[in-house]
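Residue numbers (my numbering): 188 to 332. In this text, a Cβ means the ideal position worked out from N, Cα and C, and glycines have one as well. For reference, the structure is listed below as structure tokens.
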Amino acid sequence: MKSIMLCYNLKGTKKGRKIGMLGSFLGFRVKYVEKEEYSKTIGVLTGLKEEVAEEASREETAGTDNEKNEEITDFEEEMLVMLLADNRILDKLLFQMKKEKVQVPLKAIVTAKNQNWTSTALYSEIKREHESMTKAEQAGKKKEE
188 MKSIMLCYNL KGTKKGRKIG MLGSFLGFRV KYVEKEEYSK TIGVLTGLKE EVAEEASREE
248 TAGTDNEKNE EITDFEEEML VMLLADNRIL DKLLFQMKKE KVQVPLKAIV TAKNQNWTST
308 ALYSEIKREH ESMTKAEQAG KKKEE
């Protein structure tokens, strides 16, 4: 299995090209996901699942914890989703991104659970988690002061 990097809202940008080069250099197959593909599951986009089975997994997509939120169909923020053949490649990628000063705050690893989610469902979950972690960090910094 080859590592795969799904890039959202990065196609045609300087940052997107840099990330694509870093990913390719490290052995990732880099895929720039188009907005029309956001309704496909992560499993389909990475090649883990066939598109035919997608209809049944749509119900599982609702399994994210944001049932209070209405389901979004589009997003503008940059996001990286990675399927890893080897966990060591992630450390190398993150190191290189930091070294090259390339930041993408929303990142995720493909798991058995989230491969059944659509890109928009995964985005909603990652965004919620990122905001929660950022608030916790800020609260921690205020305590130190």
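- Contact holds between the stretch 192–206 and the stretch 264–274, because three or more Cβ pairs, one in each stretch, are under 8 Å apart.
- DSSP places L281 in the helix class (H, G or I) of the three-state scheme.
- In this chain, the beta strand (DSSP E) harbouring V268 covers M266 to L270.
- The beta carbons of K198 and Y225 sit about 13 Å from each other, so the pair does not count as a contact at 8 Å.
- Ranked by Cα distance from I206, the first of E221, F262, E264 and V289 is V289.
- Residue pairing by DSSP leaves A308 without any beta bridge partner.
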